[in-house]
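*Asks:*
Residue numbers (this note's numbering), protein chains in the order written: chain Y, 1 to 346; chain Z, 347 to 988; chain E, 989 to 1273; chain B, 1274 to 1607.
Shown next as structure tokens:
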């Protein structure tokens, strides 16, 4: 699980991406991504966790080069280092982005039920998505797709099917197939297992993991479900209120979180034998249009002190690959005793 | 193109093909295809025919009802019979007293008791297929129709004619079942008449009632060129041997082609004439006429100024259904008459351009000379007993008043001479006398509750006034209903699109229409009067034949009719009997005569000129009348117009 | 409900415009209650006068003051449209709620009938009724007939909402509490479909007034009764446009377009606001 | 395939039900009419000429026999159906003794053509423009187009047709304003005829299109602005799928499904519009035939036109419904 020596595939530096909106003549700025710096490596699964409206979706949008008004990159870069050459998706031209899309950078979207065009056969969708990046035609293309599907345990018949004729799990596998058929170097997986039942969820997770290993690709895996991270991620980054608050190897994050928010997330994981409701975090995520001064977590933080209210804590490196942004990281204790999560974390 | 697009594409194309083929099939090409250059405007006259869509356009059998058109040019240009009587003066050198001797060489010849009639035919008249017209055609026409129910003159022939014989190829002799001094009118064209059939065409036809007669063999100067399979136009072409038809006696018809167009809405007529696509319009609204005459200097009406319209020898009136108990008391009928205001009716219907008539004779043609003027003193002194007093209801000056009312709008287009005013606005009408009307109704057992008249049985006096959907008669009817309503009678104008049918079927209380039609140029009244005979009146619910729509029965009326039947068409006594009829009508008031039916027929001088008008009244400009055909001999193309 | 209207007026420009347009026409129509002339009389004034200080909308060739004539015409037409809308709403609510709530064969039968009504072309049917009834066809009869044909589309819409409501918590509570079906429908479900009823109300008025105009123009109604349609009918039978009495056609057409656009904007903006899908989504169905 | 057959079967059943109820209603309504068809026919035939009473009696007997009006209503009803399946509505009065059905069949192709072409054009323009407007919500031109659509859409057919008549027939006379084709052409598959038919159909079709496209435009715009927020559209955009493919196969294609249902529902209304248009432009179709028939009190013809219209519209809806599964594969499976 430690593949630290691998080369970097993505380097995000000082990324700021804001929503700029105009409500009845009043300019509003929502700082969805506020100064994030992060690096991702080849051949690793990087988990991103955070509550809804924490900015993780906007961050993903920038990484996926899906920056559309009103979202705008205000500062910083997001540089990929693909085999075809480096590209800064935060500032690239549409043509440059077009050139890497799907071939090098692909995306698994959340909601397997609705990401497939209901009136188009799966085969057609494969053509729409993959024909151009693969540069293959006719039988050659078809055999490529069929082979790929076989790897996902899908029979070639699905190509002639409409989405509604497939089960939820099959559909999700098709989606993964769509995203991986071009052997991209970097895959963004946005909540790919939400809304699937547990058995299917597990199957899908191992599938992603297998494919990733087989192709040697990097995966950014986004979900608010910490147990999923525990299962698939090599490293996990926590986003809160538009900022990366902690980042580290998965094991460290679960056993020795160094940010009160991480500690809380980990603690709220359900466990077998639970008798009572997990303690919920009080308060609500801050309004990103008007975030609190100092550490953005301080209004909800049990450890908050005056300093937290005034000064923004920097992201410090506190261990191998482990960084946190908390003035009092040394005081953070796991809220519960966490036994090693099951899974393939070898 | 994938399978689905292909499917959708072929479906759409298939639908179009089916529709297109359907169209082509429905049309079955008729005639040869002329190009536009074949109808140069200096050789082509375009005439408006007031008929709606001809729903069976390929039907040219004039002698059986098959859903074809009549005034599509068919009866004007291809048909002929013994005599034509012009509602106007006629072409001076070609007619005598407005009577044209057409297929007949001269006038009708009766024996002394009017039980036999001899007709001498012209020689050298040819059918358009080169067969000569002879007495055999006439004999065939009469015998075939008399023997075939469902033909147009089956009734007229089978009930009247004992026998018909051809004494020689050019002499026909009729023997009648009973004396009839007006028998010749069966063969005298007013609007139409008994047309002569081509024996050589029809004798081989088994069922002439189901025979289309397409294309028609013509006895007139034109033959069918082509027609619209959708029934909205007919094109006729001049025969090379037009001089072998009776038209040659009047003159050469000038247009090489005559196009009759029907089913044109009022607005479209005006637009089409302005665009040069019509030369003659059958009728417009009064407003439309005033407007186009002002806008287009080429357009003319019958009178050069106000009121422009051509007076038809018909008499619009309020017809009471005398079989309805409400109207069986003549005091009620008179009361309703006295509630009306002549000025309001004239203004409402014709914007003042109406010719009023208080008596049951149209104030047109020569009738004012024969009837209105001589009876003027009688009318002035006419007395009416209201039950409580005697009044003189007639107002001889109402025409003058209307002339003054329209003068501000039309200025010097309105005549000033009292004589001229009488001719165009009428000799007079009844004074509005609500007081007298109330006395009459009270005398008839009616009572007034508040402003509402109750009938003797205690129920409110309601009247449904049946009016056509459009035109001046509609406006007249609405005004009449309104006048009655204002005077305490619950009268409403009921618009009926099938007013003809309902009138015939007796399904009305009061109908605004006409029960009087005359020749116009001739004083004889038998044309309508004969149908007033009580033997024709049917029971309620059945269909009343011709003109006596009010179903008026009176022994005194029968007596007058019998007297008229006993004299000759040209006997001066006819006028005397006519006066008797007028007086009887005034006493009974079975209908309320109001005014002549003025038709706003207009013509354009843009491509053709020489149309008839009040100053040169050689023909009736109303296009659907058969005798309008003589116009085509008098017009000429305008130099340089195209 | 009033809060909704207030919000719509404040934030939805289309709604505001629609309200103003319809308001103007309604006020104009209401003036007819104070009309100094009987609109059914003809030749009460000088004909063919163009608009002037004395005759704001001119006079027509029938000698009627167009201002009062049109005021009465719009009143009659609006009342007519209102009547049809109310009657057909009643049918569509009854059918829609019943079908949606009861489901099963009741639903299938009702929707089968519904589809038949959708497929029958209304115009020939109306003409047929005119053919049969002739002058007995007054506005109320016509309104009744049209109401019988104006419901199916909206019944379907209401049914789709009712389908969603059926599985909601409060419905179950109501049923457990022993409420009768009628009560559940009227007291629990009706409030949820009211917004749809209001928006389709406008559309239905639009539809019925438009059809009345069409029939009247062809002379297939009682043309003595002043309505928008008969105003055009008479203008037409007097060749008003081609003879230059333009105000006889232009003014009613402008007013009519105002009415129609107004009603349409009201319906459209309300529809956007309460689109059943987004509404259901908001309700959490 | 099985699903599709069940679907077709259901629709077919519905089609038959609609025709049955529609035509039965037509029969009932006309037979409850106070108009006695026999006397109406007699009145019409004798209105113009003086016929003697004997001839009228004979005709009355013949017509009574023909219309079967002296029989009880249920037997008339059975008679009516048995003749109807043979397409026999009896002779028309308008064109006595031409069978009413002949007149209807002569008029039908004109209406079908006008209606089909106008509807296809309307549907195409409205949906393409509406789709584009929903997809490119900031395009000025499309916004203006939307305003025009809102402005024209609620105006009744008659007014639009009449304005066109005045504009192109009177003010700027460039197009023919009446009839189906010009006088100087021969019907058939030849260019002068076809071009003349097209010219004559231009204004009637234009009036239908002008009134009709707005509804499709607005509907499609609303649908598309919903569809573009769907995940599969976003996803396709993220995947860099060709823009034309996205607009066509992802956005419009999905939005078209409800529009097709709407098309089926709108056909009845479009037919009403066609009637008016035909009347204004003297077009030789079913609409003007119906109006003539009513005006003439032509019993058989009114019955024939109404029954055929009900059948034709129901059949058109049926055909549109059959297309529905082609557009929406989900229906096929059900």
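Don't be surprised by glycine CBs; every beta carbon is placed ideally from N, CA and C.
Computed from a prediction, not measured in an experiment: that's the story for all the values here.
#1: At 8 angstroms on the CB atoms, spell out the chain B contacts of residue 1116 of chain E, in chain order.
#2: Over what stretch of residues does the alpha helix (DSSP H) that includes residue 1192 of chain E continue unbroken?
#3: At the level of alpha carbons, what is the spacing between residue 579 of chain Z and residue 606 of chain Z?
#4: Which whole runs of the alpha helix (DSSP H) in the region 187-259 of chain Y are 4 residues long or more, in chain order?
#5: Report the residue ranges of all alpha helix (DSSP H) runs contained in full by the region 946-972 of chain Z; include only those spanning at least 4 residues, in chain order.
#6: Which residues in chain E have a C-beta closer than 9 angstroms to the C-beta of residue 828 of chain Z? List them in chain order.
#7: Any chance the region 1196-1204 of chain E sits against the region 1051-1071 of chain E, with 3 or more Cβ pairs inside 8 angstroms?
#8: Verify the CB distance criterion: does residue 745 of chain Z have a CB-CB separation below 9 angstroms to chain E?
#9: Can you tell me whether residue 1502 of chain B is helix, strand or coil according to DSSP?
#10: Could you confirm whether any beta carbon from chain B is found closer than 9 angstroms to the beta carbon of residue 493 of chain Z?
#11: Using a beta-carbon distance below 9 angstroms, is residue 1095 of chain E in contact with chain Z?
#12: If we count the other Cβ atoms within 10 Å of its Cβ and call it buried at 16 or more, is residue 1289 of chain B buried or exposed?
#13: Cα-Cα, which of Y:137, Y:188, Y:95 and Y:154 is closest to residue 169 of chain Y?
#14: Within a Cβ cutoff of 8 angstroms, which residues of the same chain sit near residue 1258 of chain E, ignoring the five residues on either side of it in sequence?
#15: Return helix, strand or coil for residue 1033 of chain E, following the three-state DSSP convention.
#16: Helix, strand or coil for residue 1036 of chain Z, going by three-state DSSP, please let me know.
#17: Comparing C-alpha positions only, which one of Z:671, Z:478, Z:575 and Z:484 sits nearest to residue 466 of chain Z?
#18: Mind checking the region 1227-1251 of chain E against chain Z and listing, in chain order, the residues whose C-beta falls within less than 9 angstroms of any C-beta there?
#19: In angstroms, rounded to a whole number, what distance separates the CA positions of residue 1000 of chain E and residue 1411 of chain B?
#20: In chain Z, which residues lie with their C-beta within 8 angstroms of the C-beta of residue 1212 of chain E?
#21: Quick check: is the beta carbon of residue 1112 of chain E nearer than 9 angstroms to any beta carbon in chain Z?
#22: Please confirm if residue 1660 of chain B has its CB atom under 9 angstroms from at least one CB of chain Z.
#23: When you check each C-beta in the region 99-114 of chain Y against every C-beta of chain B, which residues fall closer than 7 angstroms?
#24: Does the CB of residue 1064 of chain E have a neighbour CB from chain Z at under 9 angstroms?
#25: When the Cα atoms are used, what is the spatial distance from residue 591 of chain Z to residue 925 of chain Z?
#26: If you drop the 5 nearest sequence neighbours on each side, which residues of the same chain put their C-beta closer than 6 angstroms to that of residue 808 of chain Z?
#27: Drop a sphere of 10 angstroms on the beta-carbon of residue 769 of chain Z, count the other beta-carbons inside from all chains shown, and report buried for 16 or more, exposed for fewer.
#28: Who are the neighbours of residue 1504 of chain B on chain Z, taking C-beta pairs under 7 angstroms?
#29: What residues of chain B sit near residue 120 of chain Y, judged by a beta carbon separation below 8 angstroms?
#30: Along the chain, where does the alpha helix (DSSP H) that runs through residue 1211 of chain E open and close?
#31: Give the residues of chain Z in contact with residue 1561 of chain B, contact being defined as C-beta atoms less than 7 angstroms apart.
#32: When the Cα atoms are used, what is the spatial distance from residue 123 of chain Y to residue 116 of chain Y?
#33: Using the rule of at least 16 other Cβ atoms within 10 Å of the residue's Cβ for burial, across every protein chain shown, is residue 587 of chain Z buried or exposed?
#34: Is the CB of residue 815 of chain Z under 9 angstroms away from at least one CB in chain B?
#35: Under 9 angstroms, do residue 584 of chain Z and residue 561 of chain Z count as touching if we go by C-beta distance?
#36: Tell me whether residue 1410 of chain B sits in a helix, a strand or coil according to DSSP, three-state version.
*Replies:* Concretely, from the data shown:
#1: 1299, 1302, 1303, 1575 and 1579
#2: 1178-1205
#3: 6 angstroms
#4: 198-215, 226-232 and 250-255
#5: none
#6: 1028, 1029, 1030 and 1031
#7: yes
#8: no
#9: coil
#10: no
#11: no
#12: exposed
#13: Y:154
#14: 996, 1003, 1183, 1186, 1187 and 1190
#15: coil
#16: No statement about residue 1036 of chain Z is possible, as the shown extent of chain Z runs from 347 to 988 and does not include it.
#17: Z:484
#18: 1227, 1228, 1229, 1230, 1231, 1232 and 1233
#19: 18 angstroms
#20: 824, 838, 839 and 841
#21: no
#22: A question about residue 1660 of chain B goes unanswered here, because the residues of chain B that appear run from 1274 up to 1607.
#23: 101, 102, 107, 109, 111 and 114
#24: no
#25: 40 angstroms
#26: 836
#27: buried
#28: Per Cβ cutoff of 7 angstroms: no residues; residue 1504 of chain B is ~24 angstroms from chain Z at best.
#29: 1522, 1523 and 1526
#30: Careful: residue 1211 of chain E lies outside any alpha helix (DSSP H) and carries neither H nor E.
#31: 399
#32: 11 angstroms
#33: exposed
#34: yes
#35: no
#36: coil
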